[in-house]
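Worksheet for the structure shown next.
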Amino acid sequence: MLLQELRKHAKLAAKRHPMFEKNKFGKFYLYFMTIFWSGYLIFFGILFGFGFAEDFPTMEPYHIMNKGIFILLALDFLFRFIFQKTPTQEIKPYLLLPVKKNKLLNFLLLKSAVSTYNAIWLFMIVPFAFITTLRLFGITGLVTYCLGFYLLMILNNYWYLICRTLINEKTYYVLIPIIFYGLLGLAEFTLGNPVSTFTMNLGESFIKHNPLGFLGVLIVILGLGWINRAIMLKNLYAELAKTEDTKVKHVSEYKFLERYGEVGEYFRLELKLLFRNKRSKSMFRMGCFLIIMLTAMLFTPTYEGAFGKSFVGIYNFAILGILMLTQVMSFEGNYLDGLMSRKESIYNLLRAKYYFYSFAMIVPFILMIPAMVMGKISFLMAVSYGFFTTGFIYFIVLQLAVYNNKTTPLNESLIGRQSTGTGFQSLISGLSFGIPLLVNNFLRIALGETISLWILLVIGLGFTFTSNLWIMNIYKRFMKRRYKNMEGFRDTK
Amino acid sequence: MATITINNLQKNFGEKRAVDIENYAINNGEILGLVGNNGAGKTTFFRLILDLLKADNGSVQINDIVSNESEEWKNFTGAFIDEGFLIDYLTPEEYFYFIGKMYGLKKEEVDERLTTFERFMNGEVVGQKKYIRNFSAGNKQKIGIISAMIHHPQLLILDEPFNFLDPSSQSIIKHILKDFNVQTGSTILISSHNLNHTTDICPRIALLENGKIIRDIDNTDNSAEKELEDYFNVE
Chain C
1 MLLQELRKHA
11 KLAAKRHPMF
21 EKNKFGKFYL
31 YFMTIFWSGY
41 LIFFGILFGF
51 GFAEDFPTME
61 PYHIMNKGIF
71 ILLALDFLFR
81 FIFQKTPTQE
91 IKPYLLLPVK
101 KNKLLNFLLL
111 KSAVSTYNAI
121 WLFMIVPFAF
131 ITTLRLFGIT
141 GLVTYCLGFY
151 LLMILNNYWY
161 LICRTLINEK
171 TYYVLIPIIF
181 YGLLGLAEFT
191 LGNPVSTFTM
201 NLGESFIKHN
211 PLGFLGVLIV
221 ILGLGWINRA
231 IMLKNLYAEL
241 AKTEDTKVKH
251 VSEYKFLERY
261 GEVGEYFRLE
271 LKLLFRNKRS
281 KSMFRMGCFL
291 IIMLTAMLFT
301 PTYEGAFGKS
311 FVGIYNFAIL
321 GILMLTQVMS
331 FEGNYLDGLM
341 SRKESIYNLL
351 RAKYYFYSFA
361 MIVPFILMIP
371 AMVMGKISFL
381 MAVSYGFFTT
391 GFIYFIVLQL
401 AVYNNKTTPL
411 NESLIGRQST
421 GTGFQSLISG
431 LSFGIPLLVN
441 NFLRIALGET
451 ISLWILLVIG
461 LGFTFTSNLW
471 IMNIYKRFMK
481 RRYKNMEGFR
491 DTK
Chain Z
1 MATITINNLQ
11 KNFGEKRAVD
21 IENYAINNGE
31 ILGLVGNNGA
41 GKTTFFRLIL
51 DLLKADNGSV
61 QINDIVSNES
71 EEWKNFTGAF
81 IDEGFLIDYL
91 TPEEYFYFIG
101 KMYGLKKEEV
111 DERLTTFERF
121 MNGEVVGQKK
131 YIRNFSAGNK
141 QKIGIISAMI
151 HHPQLLILDE
161 PFNFLDPSSQ
171 SIIKHILKDF
181 NVQTGSTILI
191 SSHNLNHTTD
201 ICPRIALLEN
211 GKIIRDIDNT
221 DNSAEKELED
231 YFNVE
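Order-wise, the sequence lines are chains C and Z. The opening position of the first sequence corresponds to residue 1 in my numbering, with each subsequent residue numbered one higher. The opening position of the second sequence corresponds to residue 1 in my numbering, with each subsequent residue numbered one higher.
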């Protein structure tokens, strides 16, 4: 009864969300991506079904697939960071009702377990099982194999939720999955493949409908569910108490910015926005963490090739800006009415943001100096990618200032609303990730590395030195759309 | 000083007409009180004046500047509608300095102007080492009102300024608004459900019903209270 009622509310919350009706592009993008991925997975299912049989004639194809279950689960875990949101159900309104908290949390967990997202890999596994297991184990084997996979995805869902919840709270919890996967990888490659052997046996137990295999997975699911519930319960109280910053010990002033007029003031506001709010702070830390990771990758043999270097080089500069600037105006949506009642404040705000993230380029540049000294990348490459980022990439990403119209909560975390962003945001984010790499490699192959780097540098410098002009253009277009955007920001607060 | 002229202003939300004002003028240096039941269109009217909403028809002119065509009126206007105006991860001082800077005020000038509000702040706003988000609703209201007045605007718009305030703060803000009007000659628009306060400080009161101004009441001799009580059926 209660579950039905809460499920109804959750559905209504999504259906009646102001952005659901308005964001036609987002809806189209969502449907398109769903069809695209489903097709892609079916293709892979068929490809693996026939491909494994040819490439590994001494083994059954499902043995190979089962050996790779661990890789599949790790990939699924990563994809969930992009596609899956933490529970969206507003739990607070129900807390004063005569309903036990545990019951509410159980509902949240149950809801995420039955989410259709967990079934997406079936698009790959069903055709694969059809090709490889049907002839040997009949329809029962096919069904139990798919069921086993589905249960593994539910297990992965709970594992992801634990990690995501903890990472949302403190970014350094990202070490948990890194250490976990690192240890498994280490064991696999140094101790005689215990992980892949285990998953191969587990997969086979699914096909042969061995109850022990299913029972084991179910026990782990229950255990992870229980841990999830405990973590969420703890966070619920933290969220309700909200006492973390009622008294601030030290108020940072950033006085040196006072001499730079209004832009300096907005620059200071950007710093305070980043370091005084939970969500922006976590995102910023994540960006810094990724920069360090990417820099470290430059020293690994995998990235010694031209493509690898350009991949790491570009993203090392661009990652922070792409991560933070795709949210441009969304944090400000919380207080946009106040900003809009002051003349040209948005123009100065955009300039300040641009300058801030352009200055931030110094960090990856300094981190790359050892790589430059060791000859891993050239000085020209670093300068070229740096300016290409502050010029061309920021030019693309900052266009979102015109179109973003959904407020991102500044401090809400797990047990509050989740900001999902718009479809257009995802598209621009995707483009800003893809285009630079594409342009760079196309030029490199066509004209050679040095010329391509010079071209990128010229493009970057051109956009960088004309930034005031194109930011003014963005501001004017923003002002044309202001009513629509303000309405969107207000509705999604 | 600022004059506001409304020309055939209309705003619809779906089927409902939220604001429908044919012609209306608010003169230089006037204090206008806006009263009406919930949903009468008071806040929407203010948002339209401040160009925070798109009018379906008509226009608002502030000192001959059409408010949705130019931003020049923002230089001499101050407003506080709701918490959406506050940058809540700043401390109140930081917020006041930020606003001050937007209008070319130095820190010292802001500090000096804040002294006018000392009684109103009652020692609970500045020097607390707290971000705005952690203040009570009443103190957030005070921060919003002060931030709207700190640059001495020629046009001041306050939506429900007495909300959340304790009785003594309500009384203090009434005096502050009256003095501000006398000293600066600025035009002040306030909306309120508190009839006593509205009649106390507003020589002119507009009664809004279903988006229309149905009565334009002269309250120079404090005679509006009875008329308003009759309308709102207050016993």
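Even for Gly, the Cβ is constructed at its ideal location relative to N, Cα and C. Small disclaimer: the values here were computed from a predicted structure and weren't measured.
Below 9 Å between beta carbons is the criterion; list the residues of the stretch 71-87 of chain Z that meet it against any residue of chain C, in chain order. Going along the stretch 71-87 of chain Z in chain order, one finds 71, 72, 73, 74, 75, 77, 78, 79, 80, 81, 82, 83, 84, 85, 86, 87 with a Cβ nearer than 9 Å to chain C.
Given a threshold of 16 other Cβ atoms within 10 Å of its Cβ, counted over all protein chains shown, does residue 233/Z qualify as buried or as exposed?
Locating residue 233/Z in the second sequence gives position 233, where the first residue counts as 1. With fewer than 16 neighbouring CB atoms inside 10 Å of its own CB, residue 233/Z falls in the exposed class.
Looking only at its own chain, which residues have a Cβ that is under 6 Å from the Cβ of residue 151/C, when we skip the five neighbours before and after it?
Locating residue 151/C in the first sequence gives position 151, counting from the first residue. Closer than 6 Å at Cβ, skipping near neighbours: 217.
When you compare only the Cα positions, how much space is there between residue 125/C and residue 318/C?
On the first sequence, residue 125/C is found 125 positions in, with the first residue counted as 1. On the first sequence, residue 318/C is found 318 positions in, with the first residue counted as 1. Taking the straight line joining both Cα atoms gives about 36 Å.
Complete alpha helix (DSSP H) runs within the stretch 37-118 of chain Z (minimum length 4 residues, chain order):
The DSSP assignment places complete alpha helix (DSSP H) segments of no fewer than 4 residues inside the stretch 37-118 of chain Z at 42-49, 92-102, 107-114, in order along the chain.
Per DSSP, cross-strand counterpart(s) of residue 155/Z: Position 155 of the second sequence holds residue 155/Z. For residue 155/Z, which the question treats as bridged, DSSP gives the partners 77/Z, 187/Z.
* Within 10 angstroms of its Cβ, does residue 114/C collect 16 or more other Cβ (buried), or is it exposed? -> Here residue 114/C refers to the residue found at position 114 when the first sequence is read from its first residue. Its Cβ having fewer than 16 others within 10 Å, residue 114/C is exposed.
| field | Listed by chain order, chain C residues near residue 52/Z by CB distance under 8 Å | value | The residue given as residue 52/Z occupies position 52 in the second sequence. Residues of chain C whose Cβ lies closer than 8 Å to the Cβ of residue 52/Z are, in chain order, 337, 340, 341, 486.
Quiz prompt | Own chain partners of residue 165/Z with C-beta closer than 8 Å, once the 5 adjacent residues on each side are dropped | solution = The residue labelled residue 165/Z in the question sits at position 165 within the second sequence. For residue 165/Z, same chain residues with a beta-carbon under 8 Å away, outside a window of 5 residues either side, are 138, 141, 142, 173 in chain order.
Original post:
Going by DSSP, what residues sit across from residue 335/C in a beta bridge?
Top reply: In the first sequence, residue 335/C corresponds to position 335, counting from 1. The bridge partners DSSP lists for residue 335/C come to none.
Does any residue of chain A have a CB that is nearer than 8 Å to the CB of residue 270/C? The structure shown contains no chain A; its protein chains are C and Z.
* Asked: From what residue to what residue does the alpha helix (DSSP H) around residue 141/Z run?
  -> As a working mapping, residue 141/Z is identified with position 141 in the second sequence. It spans 137-149 - the alpha helix (DSSP H) in which residue 141/Z sits, taken as one unbroken run.
Measuring only between beta-carbons, confirm whether residue 236/Z sits less than 8 Å from chain C.
With chain Z covering only 1 through 235, there is no way to say anything about residue 236/Z.
- Query: What do you reckon, are the CB atoms on residue 322/C and residue 432/C nearer than 8 Å?
  - Reply: Here residue 322/C is taken as the residue at index 322 of the first sequence, counted from 1. Here residue 432/C is taken as the residue at index 432 of the first sequence, counted from 1. Taking 8 Å as the Cβ cut-off, residue 322/C and residue 432/C qualify as a contacting pair.
Verify the CB distance criterion: does residue 164/Z have a CB-CB separation below 8 Å to chain C? In the second sequence, the residue the question calls residue 164/Z occupies position 164. Closer than 8 Å: no.
> Which residue or residues does DSSP assign as beta-bridge partners of residue 20/Z?
Replying inline: Within the second sequence, the letter at position 20 stands for residue 20/Z. Paired residues: 10/Z.
- [ ] Examine chain Z for any beta-carbon lying closer than 8 Å to the beta-carbon of residue 417/C, and answer yes or no.
- [x] Position 417 of the first sequence, counted from the start, is the residue given in the question as residue 417/C. In this prediction, residue 417/C scores a pLDDT of 44, lower than 50, which makes its location untrustworthy; no coordinate-derived value is stated.
Quiz item: Does the Cβ-Cβ distance between residue 57/Z and residue 128/Z come in under 8 Å?
Solution: By 1-based counting over the second sequence, the position of residue 57/Z is 57. By 1-based counting over the second sequence, the position of residue 128/Z is 128. Cβ distance not < 8 Å, so residue 57/Z and residue 128/Z don't count as in contact.
(request) May I ask you to report which of helix, strand or coil DSSP gives residue 72/C? (result) Here residue 72/C refers to the residue found at position 72 of the first sequence. Helix.
Taking a cut of 7 Å between CB atoms, which residues from the stretch 24-49 of chain Z lie near chain C?
Of all residues in the stretch 24-49 of chain Z, none has a Cβ within less than 7 Å of some Cβ in chain C.
### Message
Using 8 Å as the threshold, is the C-beta distance between residue 345/C and residue 102/Z below it?
### Response
Indexing the first sequence from 1 puts residue 345/C at position 345. Indexing the second sequence from 1 puts residue 102/Z at position 102. Taking a C-beta distance under 8 Å as the contact criterion, residue 345/C and residue 102/Z qualify as a contact pair.
- Message: Tell me whether the stretch 325-339 of chain C and the stretch 79-92 of chain Z touch, counting them as touching only if at least three CB pairs, one residue from each stretch, are closer than 8 Å.
- Response: They touch, by the three-pair rule.
Notebook entry, point to check: Considering only C-alpha positions, which residue in the set 457/C, 46/C, 353/C is nearest to residue 61/C?
Noted result: Walking along the first sequence from the start, residue 61/C turns up at place 61. Closest by alpha carbon: 46/C.
Practice problem: Buried or exposed for residue 125/Z, please, with buried defined as at least 16 other CB atoms from any protein chain shown within 10 angstroms of its CB. | Solution: Against the second sequence, residue 125/Z aligns to sequence position 125. Per the 10 Å Cβ criterion, buried.
Can you list, in chain order, the stretches of the alpha helix (DSSP H) that have 4 or more residues and sit fully within the stretch 256-314 of chain C?
As for any alpha helix (DSSP H) of minimum length 4 sitting wholly inside the stretch 256-314 of chain C, the runs are 261-276, 278-297, ordered along the chain.
Nearest-angstrom beta carbon gap, residue 363/C and residue 291/C [assumed within contact, 8 Å]: In the first sequence, counting from the first residue as 1, residue 291/C sits at position 291. In the first sequence, counting from the first residue as 1, residue 363/C sits at position 363. The C-beta distance from residue 291/C to residue 363/C rounds to 6 Å, short enough to fall under 8 Å.
inquiry  = Rounding to the nearest angstrom, what Cα-Cα distance links residue 215/Z and residue 223/Z in this structure?
reply    = Here residue 215/Z refers to the residue found at position 215 when the second sequence is read from its first residue. Here residue 223/Z refers to the residue found at position 223 when the second sequence is read from its first residue. Roughly 14 Å separates the two Cα atoms.
- Task: Quick one: residues in its chain with C-beta nearer than 8 Å to the C-beta of residue 65/Z, no 5 flanking neighbours on either side, listed in chain order?
- Result: Stepping through the second sequence from its first residue, residue 65/Z is reached at position 65. Counting only Cβ-Cβ distances below 8 Å, and skipping sequence neighbours, we find 72, 73.
Is the beta carbon of residue 481/C sitting closer than 8 Å to the one on residue 402/C? Sequence index remark: in the first sequence, residue 481/C carries index 481 (1-based). Sequence index remark: in the first sequence, residue 402/C carries index 402 (1-based). For residue 481/C and residue 402/C, yes; Cβs fall inside 8 Å.
Counting only beta-carbon separations shorter than 8 Å, does residue 257/C have a partner in chain Z? Taking the first sequence and counting its residues from 1, one reaches residue 257/C at position 257. At a cut-off of 8 Å between beta-carbon atoms, residue 257/C makes no contact with chain Z.
Query raised in the report: For residue 262/C, which residues in chain Z fall below 8 Å Cβ to Cβ?
Result: Taking the first sequence and counting its residues from 1, one reaches residue 262/C at position 262. In chain order: 101, 102.
ask   = Can you pull the DSSP bridge partners for residue 34/Z?
value = Locating residue 34/Z in the second sequence gives position 34, counting from the first residue. Assignment of beta-bridge partners to residue 34/Z by DSSP yields 191/Z, 206/Z.
| Is it right to say residue 179/Z is buried, meaning 16 or more other beta carbons lie within 10 angstroms of its own, or is it exposed? | Here residue 179/Z refers to the residue found at position 179 of the second sequence. Its Cβ having fewer than 16 others within 10 Å, residue 179/Z is exposed.
Determine the closest residue to residue 162/C out of 228/C, 332/C, 33/C, with distance taken between C-alpha atoms. Here residue 162/C is taken as the residue at index 162 of the first sequence, counted from 1. Answer by Cα proximity: 228/C.
- Under 8 Å from the C-beta of residue 5/C: neighbouring residues of chain Z: The sequence position of residue 5/C within the first sequence is 5, counting from 1. In chain order: nothing, as chain Z lies at least about 28 Å away.
Determine the chain Z residues that contact residue 345/C at a beta-carbon separation under 8 Å, and present them in chain order. Numbered from 1 along the first sequence, position 345 holds the residue referred to as residue 345/C. Chain-order list of chain Z residues neighbouring residue 345/C: 102, by C-beta distance under 8 Å.
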